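Undergrad: Here it is, the structure, as structure tokens.
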Amino acid sequence: MRKIYILDYTVDVDCNPVLLATFVCILLVLLWQRVTSRINSLPGPHRWPVLGNIPALAGSQSLYKRLLELRKDYGDIIQLRMGPSMNLVVFSQDLIKELLVDNADKTEFRPNWLNNLEQWKTLTHLRKFAIHALKDLGAEKSNLEQNIQVETNYLISAMCKENNARCCFEEKEKIDDYVKLQIEKHKENYNPSETRDFIDIYLHHLNNANESNIPDKSLFHMIFDLFAAGSETTSTTLLWIILYLIKYPSVQDLCRTEITTVAGLRQVSYADKDKMPYTLAVIDEVQRIASIGPIGLPRACMEDVSISGKIIPKHSVIIPHFMSAHYDENTGKIPQNFNQKDF
6 MRKIYILDYT VDVDCNPVLL ATFVCILLVL LWQRVTSRIN SLPGPHRWPV LGNIPALAGS
66 QSLYKRLLEL RKDYGDIIQL RMGPSMNLVV FSQDLIKELL VDNADKTEFR PNWLNNLEQW
126 KTLTHLRKFA IHALKDLGAE KSNLEQNIQV ETNYLISAMC KENNARCCFE EKEKIDDYVK
186 LQIEKHKENY NPSETRDFID IYLHHLNNAN ESNIPDKSLF HMIFDLFAAG SETTSTTLLW
246 IILYLIKYPS VQDLCRTEIT TVAGLRQVSY ADKDKMPYTL AVIDEVQRIA SIGPIGLPRA
306 CMEDVSISGK IIPKHSVIIP HFMSAHYDEN TGKIPQNFNQ KDF
């Protein structure tokens, strides 16, 4: 027997190491629960030492569905611990708007910026650089629309030829290798007096001493993000639009009638947008009901935020559950039904 002193108590225990280890583990669990229960009053599932709430999310193939199940038990703001960080999953249209729109100045940041101010400054600079570079290349000019119209014709021809919409979007998997190859070719043939595209603008700024805060390794990630953000979401949305137009032929007929009435036989342009309210409503409804991004990218609070009488602590990681907003039953509508009239 060996005596162990805990605070003002003396406990006689067997020196068996297995029993001793079990006793210590139980004690640590009790202390963990006592400490974490004081940290925040926001609801959430039981938290385990080290693992946090990972066990509560395990065993589910769809994370967004598992979070919806937890919502039934804990409400529209759920606290989930993943290691040292506090993650808050926010549901419902009103709460997401209040947090990300009304308090955008406090929640516009990404979690990986919290502990690295220099990285935050670099990412902010890269974002501004990308916007200016795209403007220089004519992102706000009519020639960009003309290029899109040309690509649209190629897409329609490919879809008619293959008779399969999905095959036209599978080439995006080759973007990775393509981007790397183009970067290497541009570096080999770089001419400071010539600006051919986005890569040339980047290399020009990289070689400028006044723009040395743009890291070389960011070029690939920036271009890949532009491709992924522009192609993945667009192609997935197009696939869902095709699906619902096939499912609802009457909606398809009305869209066709509106488009031909406005544009006739010519190519549709962005200037026609305001003259096609029905077609735009159908696109909006497809994006809502398909909810291709059910869970938004995580945000981070740079200071305390109060929403619906609850305090979101500084440095919390916010995970917006967009599908809960798209299927919000508090709107008085039936969210599972396709209804373009809601727009």
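The working numbering numbers the first residue of the sequence shown as 6 and each following residue consecutively. Quick reminder that beta carbons are idealized off the backbone N, C-alpha and C, glycines included. Note that the coordinates shown come from a computational prediction; the quantities given were computed from them, not determined experimentally.
Using only the heavy atoms of the ligand COA, determine whether one of them is closer than 6 angstroms to the beta carbon of Ile323.
TA: As far as ligands go, the structure on display features none, and thus does not contain the ligand COA.
Undergrad: Give the DSSP-derived three-state secondary structure of Arg86 in the structure shown.
TA: DSSP places Arg86 within a strand segment (E or B) once states are collapsed to three.
Undergrad: Using a Cβ-Cβ cut-off of 8 angstroms (strictly less than) and excluding sequence neighbours within five positions of Thr336, which residues of its own chain qualify?
TA: Gln98
Undergrad: Identify every residue that forms a DSSP beta bridge with Ile316.
TA: Ser311
Undergrad: Would you call Thr238 buried or exposed, if buried means 16 or more other Cβ atoms sit within 10 Å of its Cβ?
TA: exposed
Undergrad: Check whether the segment 61-78 and the segment 298-306 are in contact - that is, three or more C-beta pairs closer than 8 angstroms.
TA: They touch, by the three-pair rule.
Undergrad: Quick one: what does DSSP say Asn108 is sitting in, helix, strand or coil?
TA: Of the three classes helix, strand and coil, the one that applies to Asn108 here is coil, per DSSP.
Undergrad: Looking only at its chain, what residues have a beta carbon closer than 8 angstroms to the beta carbon of Lys192, apart from the 5 residues adjacent to it on each side?
TA: The beta carbon of Lys192 lies closer than 8 angstroms to those of Leu208 in the same chain, with the five residues before and after it left out.
Undergrad: Can you give me the Cβ contacts of His226 inside the same chain, cut-off strictly under 7 angstroms, excluding the 5 residues immediately before and after it?
TA: none
Undergrad: Here's a check: name, in chain order, each residue in its chain whose Cβ is nearer than 6 angstroms to the Cβ of Phe229, leaving out the five neighbours to either side.
TA: Val184
Undergrad: Let's see if you can read the secondary structure: which residues bound the beta strand (DSSP E) around Pro299?
TA: Premise fails: Pro299 is in no beta strand (DSSP E) and is neither H nor E.
Undergrad: Of the choices Ile264, Phe343, Lys252, whose alpha-carbon is the least far from that of Asp289?
TA: Phe343
Undergrad: Is Ala305 helix, strand or coil by DSSP?
TA: strand
Undergrad: Would you call the CB atoms of Ala305 and Pro116 closer than 7 angstroms?
TA: yes
Undergrad: Thinking C-beta only, is Leu47 closer than 7 angstroms to Gln84?
TA: In contact: Gln84 and Leu47 (Cβ atoms closer than 7 angstroms).
Undergrad: For Gln341, which residues in the same chain have their Cβ closer than 6 angstroms to its Cβ, ignoring the five residues on either side in sequence?
TA: none
Undergrad: For His326, does the three-state DSSP call read helix, strand or coil?
TA: Of the three classes helix, strand and coil, the one that applies to His326 here is strand, per DSSP.
Undergrad: For Met245, which beta-bridge partners are listed by DSSP?
TA: In the sequence as displayed, the identity of residue 245 is Trp instead of Met. Note: Trp245 sits in no beta bridge, so no partner.
Undergrad: Count the other CB atoms, across all protein chains shown, that sit within 10 Å of the CB of Gly49; report buried if there are 16 or more and exposed otherwise.
TA: Buried, since its Cβ has 16 or more Cβ neighbours within 10 Å.
Undergrad: Roughly how many whole angstroms lie between the Cα atoms of Asn194 and Leu285?
TA: Roughly 44 angstroms between the two C-alpha positions.
Undergrad: Could you name the residues of the same chain whose beta carbon sits closer than 7 angstroms to that of Ala330, not counting the 5 residues immediately before and after it, in chain order?
TA: Ser97, Gln98, Ile101
Undergrad: Compare the beta carbon distance of Ile324 and Leu104 with 7 angstroms and say whether it is the shorter of the two.
TA: Cβ distance not < 7 angstroms, so Ile324 and Leu104 don't count as in contact.
Undergrad: So is Glu334 buried or exposed if we call it buried at 16+ other beta carbons inside 10 Å?
TA: exposed
Undergrad: Specify the secondary structure class of Leu93 as computed by DSSP and reduced to three states.
TA: In the structure shown, Leu93 sits in a strand (DSSP, three-state: E or B).
Undergrad: Flag this pair as yes or no: are the beta carbons of Arg52 and Arg76 separated by less than 7 angstroms?
TA: no
Undergrad: Go ahead and pull the three-state DSSP assignment for Gly57.
TA: Assigned with DSSP and collapsed to three states, Gly57 falls in strand.
Undergrad: DSSP on Phe114, reduced to helix/strand/coil?
TA: strand
Undergrad: Which residue wins for smallest C-alpha separation from Ser255, given the options Leu142, Lys278, Asp181, Gln345?
TA: Gln345
Undergrad: Could you give the distance in angstroms between the alpha-carbon of Ile264 and the alpha-carbon of Lys280?
TA: 9 angstroms
Undergrad: Once DSSP output is grouped into helix, strand and coil, what is the label at Gly235?
TA: helix
Undergrad: On the criterion of 16 or more Cβ atoms from any shown chain inside 10 Å, does Thr112 qualify as buried, or is it exposed?
TA: buried
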